[in-house]
Structure formats: C-alpha cells, structure tokens
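Read the structure below first, then the notes.
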Amino acid sequence: MSLRDQGHRFCASPDRKEARWLHPNIWKQMYPDWIDVTDFSDDEFVEFFTHKPLPHGQAQCVKAQLDIFEGSP
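First residue of the sequence shown: 1291, per our numbering; consecutive thereafter.
Listed below in structure tokens is the structure:
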C-alpha cells in the first residue's frame, strides 16, 4: 500500500525548495502553509517547481520590482 493510499499528501514548502509526503494531521498542524501538489499533472508539477514564487512582504515586493525594472528605459 502506497503513502497516497494511506491518506498522505505530497506537499511543497511555500518557497518550493522542499517537498515531502505528509500525513494530513501532521500537514495541518506542523506545515499549514505548505501546498498540496499530490494531484498535479506532470505539466503542472514541472511548472510549479520551475517558476519562481512571488515574494512575500512589502520589502521583498519592492526589491523584486526594482530587480525587474532596473535598467529599463
């Protein structure tokens, strides 16, 4: 019997640097901000892990905007 068959979910950290199988009780209590990617198609899975997540917080948003627009006319 697989972990999925036992009710575990494959979840990714918000920064998309870690992923692991988690039991639902553990996931909800210890990793509430992790994203469930168990049911993603192959294409969705690849896109999710290859695209950079949006920054969190005001300071990070401002820095990201400066990085994007730096050097543009």
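Here a beta-carbon is modelled for each residue, glycine too, at the ideal position from N, C-alpha and C.
Point to revise | Phe1335 - DSSP class collapsed to helix/strand/coil | key: helix
Point to revise | Proximity to Leu1293 [Cα-Cα], best of Asp1305, Arg1310, Phe1339 | key: Arg1310
Check your understanding: Helix, strand or coil for Asp1305 per DSSP?
Key -> coil
Exercise for review: For Leu1356, name the three-state secondary structure that DSSP assigns.
Suggested key: helix
**Study point:** Beta-carbon gap between Cys1301 and Asp1326 smaller than 8 Å
**Key:** yes
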